[in-house]
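Written below as structure tokens is the structure these notes are about.
Numbering (the working numbering), first residue to last: 269 to 688.
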């Protein structure tokens, strides 16, 4: 049995080495993911085989010799000594299946990840996931779950978009159903109507990079403190990056933003003059009226915080009734509303302040963000490499994701007109 397991171990080690070479030469994310998936399985098998080898006694040089007296043997239940070993191997598999399925959430892996992020040391717990020339490690599930939770809490845009997990490169049909009711006579049936998919959306693989300052992690000594610190750093960077991408991403190496989607109907890209921008009538006739009725439910305004505070908040109609106001709640802070719709306030680099915007530049968006799809498996890896220009180690977290409008018909883009 020992010789059999040693031979099997050698085969697994050889295959692992081959996969490592293939990983170094991989040119696509799909290829690298396939290799990593096979490596995970092989590493588990190698660990199990080694565990069984440690339990077996060393064989003498001349081969195993049975004990001289039968009473010194351990009684075998239903088989020989070899059968006992096979049964033990099977039990080990059963016991292993009862362990947590998520290896990345174990305390051992989380501690090893903390050591890697702070010092670059690769421990056995991380070595199984390191396959490329740059040292990398999968971010533990506990950290990733907290990152996603905080993104949904603090990411004003991220928490409202439709979050998907679709394989990249696959065309996803968008089904539309527009039935028409018909009057019929006693002998005239109505035409059959069916769901049609006349448009498609395809998501790609883009890397969202977040560099982490090593100096901010070096002072943390406890696992809880480290995880809280790195989560805060990643969330802060990713909220800004995702907000920018959803609104104005150009689609080159990143998500395609709402403003750069040429499928938005031309009739729903409106321009407001200075007078119209500050009047309720201008917004009512040229913005709200352009949004199709089917998309009005759940629609929100997106604009710079400075634009809302400077021009929209406090706006009244011809009768002096307020149509834009800020509700100062005690739970989630101030909540702006305009014409009964929620206002999502963003930074000036996402949408510019009206005064600073050039003529023809977008300053506000009216849409339901559920019509925007953000596609990602929400699995992140931390890479560490040495920057020879600055002579320092750099840590960066990468999330594979893409995003684009699923249905562009529910978007109204507001642009600044020529200044009068």
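All C-beta atoms in this analysis are idealised placements derived from N, C-alpha and C, irrespective of residue type, glycine included.
Residue i versus residue j - alpha carbon distance
i: residue 271; j: residue 278; result: 11 Å
i: residue 692; j: residue 591; result: Only positions 269 to 688 of the chain appear in this structure, which leaves residue 692 out of reach.
i: residue 631; j: residue 621; result: 7 Å
i: residue 366; j: residue 379; result: With a pLDDT of 46 at residue 366, under the threshold of 50, the modelled position of that residue is not reliable, and no figure is offered here.
i: residue 472; j: residue 523; result: 9 Å
i: residue 351; j: residue 299; result: At residue 351, the pLDDT of 40 sits below 50, so the modelled position is not reliable; the number obtained from the coordinates is stated separately. Distance between the alpha carbons of residue 351 and residue 299: 41 Å.
i: residue 626; j: residue 417; result: 37 Å
i: residue 685; j: residue 576; result: 17 Å
i: residue 653; j: residue 313; result: 30 Å
i: residue 656; j: residue 415; result: 30 Å
i: residue 650; j: residue 553; result: 50 Å
i: residue 564; j: residue 504; result: 31 Å
i: residue 374; j: residue 293; result: 31 Å
i: residue 658; j: residue 311; result: 36 Å
i: residue 273; j: residue 319; result: 10 Å
i: residue 315; j: residue 413; result: 27 Å
i: residue 275; j: residue 291; result: 25 Å
i: residue 602; j: residue 451; result: 52 Å
i: residue 569; j: residue 531; result: 19 Å
Beta-carbon proximity check, residue i vs residue j, cutoff 8 Å
i: residue 677; j: residue 567; result: no
i: residue 317; j: residue 280; result: yes
i: residue 511; j: residue 425; result: yes
i: residue 669; j: residue 502; result: no
i: residue 645; j: residue 304; result: no
i: residue 680; j: residue 673; result: no
i: residue 525; j: residue 474; result: no
i: residue 611; j: residue 571; result: yes
i: residue 608; j: residue 581; result: no
i: residue 476; j: residue 506; result: yes
i: residue 495; j: residue 411; result: yes
Nearest-angstrom Cβ-Cβ length linking residue i and residue j, presumed shorter than 8 Å
i: residue 641; j: residue 428; result: Contact doesn't hold; Cβ gap of about 12 Å is too wide.
i: residue 585; j: residue 551; result: Not a contact, Cβ separation roughly 10 Å.
i: residue 683; j: residue 613; result: So it is not a contact: roughly 19 Å between Cβ atoms.
i: residue 662; j: residue 516; result: Going by Cβ atoms, the distance from residue 662 to residue 516 rounds to 27 Å, so no, they are not a contact pair.
i: residue 579; j: residue 539; result: Contact flag wrong, Cβ pair sits at about 16 Å.
i: residue 321; j: residue 306; result: Actually they are not in contact, since the Cβ atoms of residue 321 and residue 306 sit about 22 Å apart, beyond 8 Å.
i: residue 574; j: residue 616; result: 6 Å
Reference residue i, options the options, closest by Cα
i: residue 638; options: 671, 664, 304 and 681; result: 671
i: residue 593; options: 586, 606, 587 and 585; result: 606
i: residue 478; options: 498, 472, 494 and 587; result: 498
i: residue 542; options: 623, 496, 287 and 604; result: 623
i: residue 309; options: 322, 321, 283 and 290; result: 283
i: residue 555; options: 451, 655, 650 and 634; result: 634
i: residue 558; options: 533, 604, 574 and 573; result: 533
i: residue 409; options: 659, 658, 648 and 667; result: 648
i: residue 667; options: 509, 569 and 451; result: 509
i: residue 435; options: 293, 274 and 301; result: 301
i: residue 493; options: 383, 602, 531 and 451; result: 383
Exposed unless 16 or more other CB atoms sit within 10 angstroms - verdict on residue i
i: residue 381; result: buried
i: residue 643; result: buried
i: residue 376; result: exposed
i: residue 423; result: buried
i: residue 561; result: exposed
i: residue 536; result: buried
i: residue 588; result: exposed
i: residue 289; result: exposed
i: residue 513; result: buried
i: residue 675; result: buried
i: residue 324; result: exposed
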